[in-house]
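One structure is given here, and the rest of the page talks about it.
Residue numbers (the numbering used here): 9 to 118.
Okay, structure coming up:
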């Protein structure tokens with residue numbers, strides 16, 4: 009079950025960079041982000057249907073909204089973005105978004 013707060017990055021990557029992209033995400037990036045304070049989990053997904061042009065997603069779950077906002081405003085995240093841009097920016101497109109559960113009310117289910 010997802011945490012009530014998560015950050016999602018959806019990406020599409022050029023086929024010639026896909027192997028390096030997956031290697032970096034799986035062995036470097038997710039490990040670094042997953043070890044940050046307040047991060048509950050860091051997972052990746054590959055699109056299996058639906059026709060979306062963004063065929064990869066990374067989902068980062070947080071303990072609470074404060075932890076999510078802290079990471080989103082951090083120099084750490086800016087460094088991760090610079091690493092990504094340096095290695096894959098010219099070969100990919102991505103969309104970043106943060107989410108908060110609205111129903112059922114997470115406070116009512118605790």
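Glycine is no exception: its CB is placed at the ideal position from the N, C-alpha and C atoms.
Three or more beta-carbon pairs separated by less than 8 angstroms link the stretch 17–26 to the stretch 50–67, which places the two stretches in contact. The Cβ atoms of residue 41 and residue 70 lie no closer than 8 angstroms to each other. With at least 16 other beta carbons inside 10 angstroms of its own, residue 50 counts as buried.
Residue 23 counts as exposed, since fewer than 16 other beta carbons sit within 10 angstroms of its beta carbon. Considering only 56, 67, 34 and 36, the residue with the shortest C-alpha distance to residue 10 is 67.
Taking a 10 Å sphere around the C-beta of residue 79, we find 16 or more other C-beta atoms and assign the residue as buried. In the three-state scheme derived from DSSP, where H, G and I count as helix and E and B as strand, residue 103 is classed as strand.
Spanning the alpha carbons of residue 90 and residue 32 requires a straight line of approximately 14 angstroms.
One thing to note: residue 25 has its Cβ within 8 angstroms of the Cβ of residue 96.
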